[in-house]
Amino acid sequence: MNTYACCNSQGGLRFTTAFIGEYEPESRRLKFINAGHNNPVLRRSSGAIERLDAGGLPLGIQQDVRYASGEVTLESGDWLIIFTDGLVEAVNQAGEEYGEDRMIAVLNGNIGLAPDLLLDRMIFDVNAFVGSTPQHDDITCMLIKVA
Numbered sequence: 001m002n003t004y005a006c007c008n009s010q011g012g013l014r015f016t017t018a019f020i021g022e023y024e025p026e027s028r029r030l031k032f033i034n035a036g037h038n039n040p041v042l043r044r045s046s047g048a049i050e051r052l053d054a055g056g057l058p059l060g061i062q063q064d065v066r067y068a069s070g071e072v073t074l075e076s077g078d079w080l081i082i083f084t085d086g087l088v089e090a091v092n093q094a095g096e097e098y099g100e101d102r103m104i105a106v107l108n109g110n111i112g113l114a115p116d117l118l119l120d121r122m123i124f125d126v127n128a129f130v131g132s133t134p135q136h137d138d139i140t141c142m143l144i145k146v147a
């Protein structure tokens with residue numbers, strides 16, 4: 001993927017961040033590579049927060065870069081949030097960013113909800129935070145609750 005991106009990156013001027021994961025249901029293992037993307041947040045059922053940061057540069061910046069892979073075992077009650085920078089960098093009228101702390105607070109306050117309802121709650125919270133302030137990036141978020 002990086003080789004292709006480098007061949008089409010206009011000398012590194014165009015690049016792509018990506019989080020790529022492969023889940024093995026039998027072992028509950030998630031293998032992943034984070035290519036310059038926001039670090040996904042894994043909220044353990046205990047409340048502990050982990051960030052999935054193994055990886056490397058965004059795709060398309062450097063041809064011969066090596067990417068580290070990471071692996072975590074997911075347990076019942078864990079939540080995984082994979083999101084774009086448009087979520088945490090959404091700004092309000094005062095120029096304040098929404099930030100990861102607010103995102104995690106919404107998660108912590110609503111862990112009893114189904115993932116679709118929690119996602120609705122999170123997007124509602126971001127929209128309430130920014131109000132009518134124009135945004136300059138997309139907001140993409142995926143929530144996974146481990147059963």
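Okay, so the sequence shown: first residue is 1 according to the numbering used here, each after it adds one.
For each residue, glycine too, the CB sits at the ideal point set by N, CA and C.
These numbers come from a predicted model, not from an experiment.
Item, Value
"Classification of I33 by the beta-carbon crowding that lies within 10 angstroms, buried from 16 upward", "buried"
"Bridge partners - F19, DSSP secondary structure assignment", "N34"
"Of the residues G56, G131 and I20, the one placed nearest N92, counting alpha carbons only", "G131"
"Residue environment, I49, which counts as buried when at least 16 other CB atoms sit within 10 Å", "exposed"
"DSSP bridge partner residues for V91 (one or two, in chain order)", "E97"
"For L57, the three-state DSSP class (helix, strand or coil)", "coil"
"Neighbourhood of V65 by C-beta, 6 Å cutoff - its chain only, sequence neighbours within 5 removed", "G56 and L57"
"Whole-number beta carbon distance between V126 and I111, since they are thought to touch under 8 Å", "Not quite, the Cβ-Cβ distance comes to about 18 Å (not below 8 Å), so this is no contact."
"Assigned secondary structure, L119 (DSSP; H/G/I helix, E/B strand, else coil)", "helix"
"Any non-hydrogen atom of the ligand NAD within 8 Å of G99 CB", "Summarising the ligand content, the structure contains no ligands, and the ligand NAD is consequently not present."
"Buried or exposed (CB count within 10 angstroms, at least 16 for buried), D120", "exposed"
"Terminal residues of the beta strand (DSSP E) in which T73 lies", "G70 to T73"
"Segment limits, alpha helix (DSSP H) that includes Y67", "Where Y67 is concerned, there is no enclosing alpha helix (DSSP H), given that its DSSP letter is neither H nor E."
"L80 - DSSP class collapsed to helix/strand/coil", "strand"
"Residues that E50 bridges to, as DSSP identifies them", "L42"
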